[in-house]
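Numbering (the working numbering), first residue to last: 985 to 1244. For glycine and all other residues, C-beta sits at the position ideal for the given N, C-alpha and C.
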């Protein structure tokens, strides 16, 4: 049975929620376009899966960007809106990273495979300048974070050192965040002379970070000073608190002393 999940938009200023999708299938894993005017998302129903794009204000019809008989997951836009990277499952190579190029008319090119190995690659995230792609891979026997140049893929840099999931770039590309169990980590990034990485640093710990499962459960604000994450409110607990969004502010003050 396919669950009827839908995508909603929550206005943080007005505290209102608007439903974006209405099909009686699973529609999830939304990704904002760089302009904020569109949302790409996964549409799962019937014999095929699709990655769709739809105006964030709900106007117009949703447009199919990618369609496959395999599972499609985790769309992510390049910051210039030119590319959409995503995951496609494969019976031989587990999960592969692919991408499409988006034309000025909004149409998508034929899918291109960026990375396909015997390991499972997942959660692709393009850097703000579009030159690098961060992802997690099981090639070492556990999930770790890696970076490769995009779109040619020549070269590779390991980012995490003790396991890692859910990579996220800061808006200026100077830091790369990821989760290590219940801890949020940060690594400084420099692209002035090639690609160099600093040592992973712990920002803060929260049990909610370890609850991701198959989902993304945190994000970072554009100024890099706040993090938002989902929180588990229990299963079947009548006295559990209503669903909420947790925001971490002023995290850098705690981190500042460790950086000196």
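Cβ-based burial, residue i [other Cβ within 10 Å; buried from 16]
i: residue 1286; result: Shown here, the chain extends from 985 to 1244; a query on residue 1286 therefore has no answer.
i: residue 1140; result: exposed
i: residue 1038; result: buried
i: residue 1027; result: buried
i: residue 1163; result: buried
i: residue 1033; result: buried
i: residue 1150; result: buried
i: residue 1024; result: buried
i: residue 1031; result: exposed
i: residue 1132; result: buried
i: residue 1237; result: exposed
i: residue 1095; result: buried
i: residue 1217; result: exposed
i: residue 1144; result: buried
Start and end residues, beta strand (DSSP E) containing residue i
i: residue 1023; result: 1022-1029
i: residue 1186; result: 1185-1189
i: residue 996; result: Element bounds for residue 996: n/a, residue is neither H nor E.
i: residue 1277; result: Examination of residue 1277 is not possible in this model, given that the chain is present from 985 through 1244 alone.
i: residue 1118; result: 1116-1121
i: residue 1057; result: 1056-1061
i: residue 1106; result: 1105-1110
i: residue 1171; result: 1167-1174
i: residue 1008; result: From DSSP, residue 1008 is part of no beta strand (DSSP E); its letter is neither H nor E.
i: residue 1159; result: 1159-1164
Proximity of residue i and residue j at Cβ, strictly below 7 Å
i: residue 1056; j: residue 1070; result: yes
i: residue 1035; j: residue 1059; result: yes
i: residue 1213; j: residue 1201; result: yes
i: residue 1029; j: residue 1050; result: no
i: residue 1148; j: residue 1128; result: yes
i: residue 1002; j: residue 991; result: no
i: residue 1165; j: residue 1118; result: no
i: residue 1112; j: residue 1157; result: yes
i: residue 1017; j: residue 1061; result: yes
i: residue 1040; j: residue 1022; result: yes
i: residue 1215; j: residue 1192; result: yes
i: residue 1134; j: residue 1161; result: no
i: residue 988; j: residue 1012; result: no
Alpha carbon of residue i to alpha carbon of residue j, nearest angstrom
i: residue 1047; j: residue 1072; result: 19 Å
i: residue 1079; j: residue 1137; result: 17 Å
i: residue 1045; j: residue 1176; result: 42 Å
i: residue 1142; j: residue 996; result: 36 Å
i: residue 1231; j: residue 1203; result: 10 Å
i: residue 1181; j: residue 1106; result: 21 Å
i: residue 1098; j: residue 1082; result: 5 Å
i: residue 1005; j: residue 1019; result: 20 Å
i: residue 1153; j: residue 1121; result: 17 Å
i: residue 1178; j: residue 998; result: 44 Å
i: residue 1103; j: residue 1130; result: 13 Å
i: residue 1206; j: residue 1171; result: 17 Å
i: residue 1068; j: residue 1189; result: 31 Å
i: residue 1208; j: residue 1167; result: 17 Å
i: residue 1125; j: residue 1146; result: 12 Å
i: residue 1100; j: residue 1114; result: 20 Å
i: residue 1234; j: residue 1076; result: 45 Å
i: residue 1007; j: residue 1042; result: 13 Å
i: residue 1173; j: residue 1089; result: 34 Å
Short CB-CB distance (under 7 Å) between residue i and chain B
i: residue 1192; result: Note that chain B does not occur in the displayed structure, where there is just one protein chain.
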